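**Q**
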Amino acid sequence: MKLKNAIILLLASLSFLSCKTDTFADYVDAENEAVDKYFKKINAVIVHEKPETVTGEWLDSNNRKIFYRSSPGLYYHQVSLGDTTATKPKVSSTIYVRYSAKDLNGQMIYSAMEKNSPNPIKLFLTGSTSDIYGTGFQESVQYLNKGGECEAVISFKIGNQYSSSLEGGYSQKQLKYLPMLYNIRLVNVE
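29 is the number that the working numbering gives to position 27 of the sequence shown; each next residue is one higher, with no gaps.
(1) What residues in its chain sit with their C-beta under 6 Å from that of GLU141, if we drop five residues either side in the sequence?
(2) Quick one: give me the first and last residue of the alpha helix (DSSP H) that THR23 is part of.
(3) Which residues in the same chain have their Cβ closer than 8 Å to the Cβ of PRO53, if we skip the five residues on either side of it in sequence?
(4) ASN190 by DSSP, collapsed to three states: which one?
(5) Can you check whether the CB of VAL143 is closer than 8 Å to the CB of ILE97?
(6) Have a look at LEU106 and TYR40 and give me their C-alpha separation to the nearest angstrom.
(7) I need the straight-line Cα distance from SER63 to MET182, nearest angstrom please.
(8) The ligand COA and TRP60: does the residue's C-beta get closer than 7 Å to at least one heavy atom of that ligand?
(9) Can you tell me whether DSSP reads ASP85 as helix, strand or coil?
(10) Drop a sphere of 10 angstroms on the beta-carbon of SER94, count the other beta-carbons inside from all chains shown, and report buried for 16 or more, exposed for fewer.
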């Protein structure tokens, strides 16, 4: 009788544990839900063609933020245009940026935005998905002009190679599948 109960308990435990394994599809579904919820919360407009603007922030006639969704899944919002006569960044450019990264609930993960923080972050744009800044971050920077600023929602599929030692209290696995909201300011391009 004890053996039978032990076997039943073991099978029930294995069954319960196997139900807790998330698949890649589960992470994608959770991300899509979080992104949709975020854009509804801030009442943003999503477009599939990049707005052409001469100056300023991308806003619609109702003063709602416009986010351009690129084909890989980057959501990009121009906050300020910057210097349109300066050299634009491209793959192989060395750039200097200030940025912050938050989860979609507003929890700060990392910030180098403050003017009193150490020098701007120096990056070499590689275009590689293995780079810590990922293709989504790099694509966002390439839309910017020197002095320009953007907000970008970047899915885990095209970014977020962060270390669990950063702020926010997330595990490495959680960070790996976390969509992030970046605020990026392009300081300089070499």
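Built from N, CA and C at the ideal position, the CB exists for glycine as well.
Treat the numbers as computed from the prediction; the structure is a model and nothing was measured.
**A** Walking through what the data contain:
(1) By one-based count along the sequence shown, residue 141 stands at place 139. Correct list, in chain order: LEU76.
(2) The sequence position of residue 23 within the sequence shown is 21, counting from 1. Careful: THR23 lies outside any alpha helix (DSSP H) and carries neither H nor E.
(3) Counted from its first residue, the sequence shown places residue 53 at position 51. So the list reads TRP60, ILE68, TYR70 and GLN80, once near-sequence residues are dropped.
(4) In the sequence shown, residue 190 corresponds to position 188, counting from 1. Here DSSP, grouped into helix, strand and coil, assigns ASN190 to strand.
(5) Residue mapping note: residue 97 aligns to position 95 of the sequence shown, counting from 1. Residue mapping note: residue 143 aligns to position 141 of the sequence shown, counting from 1. Annotated as proximal: ILE97 and VAL143, with beta-carbon spacing under 8 Å.
(6) Along the sequence shown, one-based indexing puts residue 106 at 104. Along the sequence shown, one-based indexing puts residue 40 at 38. In a straight line, the C-alpha of LEU106 is about 6 Å away from that of TYR40.
(7) As a working mapping, residue 63 is identified with position 61 in the sequence shown. As a working mapping, residue 182 is identified with position 180 in the sequence shown. So the alpha carbons of these two residues sit roughly 27 Å apart.
(8) Ligands are entirely absent from the displayed structure, and the ligand COA is therefore not among its contents.
(9) Within the sequence shown, numbered from 1, the residue matching residue 85 stands at position 83. Three-state result, ASP85: strand.
(10) If you number the sequence shown from 1, residue 94 lands on position 92. Exposed, since its Cβ has fewer than 16 Cβ neighbours within 10 Å.
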